[in-house]
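Positions 1 to 478 (full-length UniProt numbering) are the ones given, in order, by the sequence shown. Glycine residues also receive a C-beta, built at the ideal position from the N, C-alpha and C atoms.
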Amino acid sequence: MLWLCVHLPDLPIEVCARGAPTDEPLVVVEGEGREQRVLAATPAARRAGVQPGMRTSAAHALVDRLGVRERDPGSEREALERLAALSGRYTSHVSLAPPAGLLLEVGGSRNLFGGLGTLIARLARDLAEVGYGGRFALAPTPLGATWLAASGAETRALDHGALFKALAPLPLACLGLDAGREALLAGMGLRSLADCLRLPRDGLARRVGPEVLLALDRAFGRLPDPREPYVPPSRFSARLPLPSPVATSEALLFPLRRLLLELAGFLEARALGARRLDFVLQHHRSRATGMTFDFVAPSRDARHWLLLVRERLERLELGAPIEEIELRVENPEDLGSRNLDLLAGEQTPEEGRASIVERLQARLGRDAVRGLASCPEHRPERAWRYGEPGEEGRAAARARRPLWLLPEPIPLEMREDAPWLDGALALEPEPERIESGWWDGRDVARDYYVARDGGGRRLWVFRELRAPGRWFLQGVFG
Numbered sequence: 001m002l003w004l005c006v007h008l009p010d011l012p013i014e015v016c017a018r019g020a021p022t023d024e025p026l027v028v029v030e031g032e033g034r035e036q037r038v039l040a041a042t043p044a045a046r047r048a049g050v051q052p053g054m055r056t057s058a059a060h061a062l063v064d065r066l067g068v069r070e071r072d073p074g075s076e077r078e079a080l081e082r083l084a085a086l087s088g089r090y091t092s093h094v095s096l097a098p099p100a101g102l103l104l105e106v107g108g109s110r111n112l113f114g115g116l117g118t119l120i121a122r123l124a125r126d127l128a129e130v131g132y133g134g135r136f137a138l139a140p141t142p143l144g145a146t147w148l149a150a151s152g153a154e155t156r157a158l159d160h161g162a163l164f165k166a167l168a169p170l171p172l173a174c175l176g177l178d179a180g181r182e183a184l185l186a187g188m189g190l191r192s193l194a195d196c197l198r199l200p201r202d203g204l205a206r207r208v209g210p211e212v213l214l215a216l217d218r219a220f221g222r223l224p225d226p227r228e229p230y231v232p233p234s235r236f237s238a239r240l241p242l243p244s245p246v247a248t249s250e251a252l253l254f255p256l257r258r259l260l261l262e263l264a265g266f267l268e269a270r271a272l273g274a275r276r277l278d279f280v281l282q283h284h285r286s287r288a289t290g291m292t293f294d295f296v297a298p299s300r301d302a303r304h305w306l307l308l309v310r311e312r313l314e315r316l317e318l319g320a321p322i323e324e325i326e327l328r329v330e331n332p333e334d335l336g337s338r339n340l341d342l343l344a345g346e347q348t349p350e351e352g353r354a355s356i357v358e359r360l361q362a363r364l365g366r367d368a369v370r371g372l373a374s375c376p377e378h379r380p381e382r383a384w385r386y387g388e389p390g391e392e393g394r395a396a397a398r399a400r401r402p403l404w405l406l407p408e409p410i411p412l413e414m415r416e417d418a419p420w421l422d423g424a425l426a427l428e429p430e431p432e433r434i435e436s437g438w439w440d441g442r443d444v445a446r447d448y449y450v451a452r453d454g455g456g457r458r459l460w461v462f463r464e465l466r467a468p469g470r471w472f473l474q475g476v477f478g
């Protein structure tokens, strides 16, 4: 097996800051009162001198308008799970490595993407598109890959020999020991994993506990280290807090795009598509605004979705500024195994027609763009209804009928016992008799014929049975 670890060193701050395209001075803090300290900071805050470990009060002294967010472990876990679902595009086995890591078993999929280098580059691009930066390391053991990535050593140790060379110089901090046990080892002159391996195993276990030996054995491949694969939920739900309130529709496109790309990755990994998107825009001190998109066919095309969102936002009055965006898809549908890029633009003809309809609905309003569907009704003028574009209806008759009818039947002249329209009409045999509608007071009794005029046009005419001799033109064949 070959494990790729993705370590997300800035996850606490990225969860809070990825909703804005600009680099704003923002920090995530932990602790209470005077002991509250900076856990992570954006590049803008770091350039101003803010550093992790600094007291929040000191950070405020360096930056006048510093954004401060308390650490939210729940949001970090949700983000990690959504990234695990997105990473399922590259392998069927993705595991969580909390608090800030993912593990992908890529031994079986490396060649599907043109090699490990291409796979890692594509995964890094996907993460960057949705607002996250990762460190990557490869190793034949999951814990070994985790330690290498977390230490910043973006190593590709493809066999156990290379793994030993890569792990041996790592500092003791990767063991995750408490301060007391780490100080004990340091007092013994130990600085690296290689130093630990040189000690007698029994003596090391007595000093720092048997769990350290177990961890070393799993990392170096002496013991198995099975990892449970992450199973994504059946529905998609993601919240994106904005670093500062947004008051314009144009400024919403950036965070909305990131949510849509997350959704596209989630769906592609499971060969699914979304027929409906539900957005909730949370306002500052005001009721939330809902924004729903229904599609003619299930899709996972983030580029097309973004076009629809842009069209809708142009007509949307925001009112109060937006502080958070939520996106939900309740019932994804099967879409097959087409391997679409997250920014795919290729469409089948059917998808192209659906895209046009959806864009028109987004721009003009859903009720302004309708389709026609047949009804189980024998009377021609009542055998259709307005419906959703592309909706299939149920027809009551299978006889020869024109696609389009005239708004109202037109009376025809009678000459020499034959209906006349710029000349005598030639009737084809086997008329269709329609007698229906007695239950609603609009009953009809007619014989319908396909007729040809002197120019060869095929017409749809009928003769009234209750008023023999009266003929009407009701439709024209293509």
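On the criterion of 16 or more Cβ atoms from any shown chain inside 10 Å, does residue i qualify as buried, or is it exposed?
| i | result |
| --- | --- |
| G133 | exposed |
| Q51 | exposed |
| S234 | exposed |
| A157 | buried |
| A40 | buried |
| H304 | buried |
| V231 | exposed |
| residue 480 | Examination of residue 480 is not possible in this model, given that the chain is present from 1 through 478 alone. |
| A386 | Inspection of the sequence shows that residue 386 is occupied by Tyr rather than by Ala. Classification for Y386: exposed. |
| I356 | exposed |
| D417 | exposed |
| A100 | buried |
| T42 | buried |
| E262 | buried |
| W404 | exposed |
| E330 | exposed |
| A238 | buried |
| Q82 | Looking at the sequence provided, one finds Arg at residue 82 rather than Gln. Flag for R82 reads buried. |
| G345 | Unreliable positioning characterises G345 in this predicted model, as indicated by a pLDDT of 48, which lies under 50. A coordinate reading is not provided. |
| W438 | exposed |
| A97 | buried |
| residue 562 | Absent from the structure is residue 562, since the part of the chain shown begins at 1 and ends at 478. |
| G114 | exposed |
Throw me the rounded Cβ distance for the residue i and residue j pair, which I believe falls under 8 Å.
| i | j | result |
| --- | --- | --- |
| R379 | I434 | 7 Å |
| A166 | L190 | Wrong, their Cβ atoms sit about 19 Å apart, outside the cutoff. |
| P241 | C16 | 6 Å |
| L306 | R257 | 6 Å |
| L163 | P140 | 6 Å |
| G161 | F220 | Not quite, the Cβ-Cβ distance comes to about 11 Å (not below 8 Å), so this is no contact. |
| E333 | G273 | 6 Å |
| D10 | A44 | Rounded, the Cβ-Cβ distance is 13 Å, inconsistent with contact. |
| L4 | V106 | 5 Å |
| F472 | L412 | 6 Å |
| R446 | F462 | 4 Å |
| M427 | Y449 | The sequence given here places Leu at residue 427; Met does not occur at that position. With 8 Å as the limit, L427 and Y449 qualify as a contact, their Cβ atoms being about 5 Å apart. |
| residue 488 | P21 | Because residue 488 is not part of the residues shown, which for the chain are 1 to 478, the question remains open. |
| E323 | P245 | 5 Å |
According to DSSP, residue i sits in a beta bridge with which residue or residues?
| i | result |
| --- | --- |
| D278 | T292, R328 |
| L405 | G475 |
| L412 | W471 |
| Y386 | L372 |
| F462 | Y448, F472 |
| F136 | V6 |
| I356 | Note: I356 sits in no beta bridge, so no partner. |
| P429 | Paired residues: none, contrary to the question. |
| H283 | I322 |
| A424 | W420 |
| E434 | The amino acid occupying residue 434 in the given sequence is Ile; Glu does not appear at that position. In DSSP, I434 forms a bridge with R446. |
| L26 | G67 |
| E333 | G273 |
| V38 | V29 |
At the 7 Å Cβ level, is residue i part of the contact set with chain D, yes or no?
| i | result |
| --- | --- |
| G469 | Here there is only one protein chain, and chain D is not present. |
Exercise. Report the residue ranges of all beta strand (DSSP E) runs contained in full by the region 40–109; include only those spanning at least 3 residues, in chain order.
Key: 67–70, 94–97, 101–105
- prompt: In chain order, which beta strand (DSSP E) runs of at least 3 residues are fully inside the region 194–272?
  reply: 236–246
Check your understanding: Contact between the region 47–67 and the region 210–230: three or more CB pairs below 8 Å?
Key -> no
- prompt: Do the region 242–253 and the region 121–141 meet, that is, are 3 or more Cβ pairs less than 8 Å apart?
  reply: no
* Asked: Counting pairs of Cβ atoms below 8 Å between the region 131–146 and the region 34–49, do you hit three or more?
  -> no
- Item | the region 192–201 contacting the region 110–119, beta-carbon criterion three pairs below 8 Å | no
So, does the region 196–206 touch the region 176–184, judging by three or more C-beta pairs under 8 Å?
no
Three or more C-beta pairs closer than 8 Å, one from the region 265–282 and one from the region 76–90: is that the case here?
yes
Is there contact between the region 454–468 and the region 414–431, where contact requires at least three CB pairs shorter than 8 Å?
yes
- Query: Along the chain, which unbroken stretches of the beta strand (DSSP E) at least 3 residues long are found entirely within the region 117–183?
  - Reply: 135–139
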